[in-house]
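The structure appears right after this line, and notes come after that.
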Amino acid sequence: MARRPHEIKVRLSDGEMKLIEARVKATGCRTIADYLRRSATGELPQPTNRDAEIAEALGQLCFAVNRLDAKSQSACRQLSRNVQELTTAIYKWAGF
Numbered sequence: 000m001a002r003r004p005h006e007i008k009v010r011l012s013d014g015e016m017k018l019i020e021a022r023v024k025a026t027g028c029r030t031i032a033d034y035l036r037r038s039a040t041g042e043l044p045q046p047t048n049r050d051a052e053i054a055e056a057l058g059q060l061c062f063a064v065n066r067l068d069a070k071s072q073s074a075c076r077q078l079s080r081n082v083q084e085l086t087t088a089i090y091k092w093a094g095f
């Protein structure tokens with residue numbers, strides 16, 4: 000096993016964490032550290048199924064919800080687009 004003496008601490012929002020966790024699963028990486036390491040070195044495996052598309056759409060939805068301001072029409076429109084993208088990805092995944 001490689002010796003790794005350097006540590007990086009990063010703060011993430013709930014949406015960012017969920018997006019990373021979804022991408023970890025979609026790419027088949029064992030851990031978040033494995034995913035980040037491979038991502039940084041360009042060795043990240045490509046997702047092999049529609050799970051990645053759903054994970055991406057869900058992550059974008061989480062970001063939109065975090066940015067949501069009921070008084071902002073553009074944020075509400077973006078949230079609506081993200082919900083539609085997620086719905087489309089789920090239908091494709093389910094074979095509809």
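Every letter in the sequence shown is one number past the one before it in numbering that gives the first Met the number 0, and letter 56, counting from 1, is 55. Every residue, glycine too, gets a C-beta built ideally from N, C-alpha and C. Note that the structure is a prediction, hence the values are computed from the model and not measured.
Same chain, Cβ closer than 7 angstroms to residue i, neighbours up to 5 away in sequence not counted
{"i": "E55", "result": "none"}
8 angstroms CB neighbourhood of residue i in its chain, flanking five on each side removed
{"i": "N65", "result": "S12, D13, G14"}
{"i": "K17", "result": "L57, G58, C61"}
Residue i in three-state terms, based on DSSP
{"i": "I7", "result": "coil"}
{"i": "A88", "result": "helix"}
{"i": "C28", "result": "coil"}
{"i": "A63", "result": "helix"}
{"i": "S71", "result": "coil"}
{"i": "R22", "result": "helix"}
Where residue i falls, given that 16 or more other Cβ within 10 Å makes a residue buried
{"i": "R2", "result": "exposed"}
6 angstroms CB neighbourhood of residue i in its chain, flanking five on each side removed
{"i": "V23", "result": "I31, Y34"}
Beta-carbon proximity of residue i to residue j, cut-off 9 angstroms
{"i": "A96", "j": "A51", "result": "Because the chain spans 0 through 95 in this model, residue 96 falls outside it and cannot be assessed."}
{"i": "I53", "j": "I19", "result": "no"}
Spatially closest choice to residue i from the options, by CA coordinates
{"i": "L78", "options": "L67, A25, T87, T86", "result": "L67"}
{"i": "A25", "options": "R37, Q72, P44, T40", "result": "P44"}
{"i": "I7", "options": "G27, C28, A39, A21", "result": "A39"}
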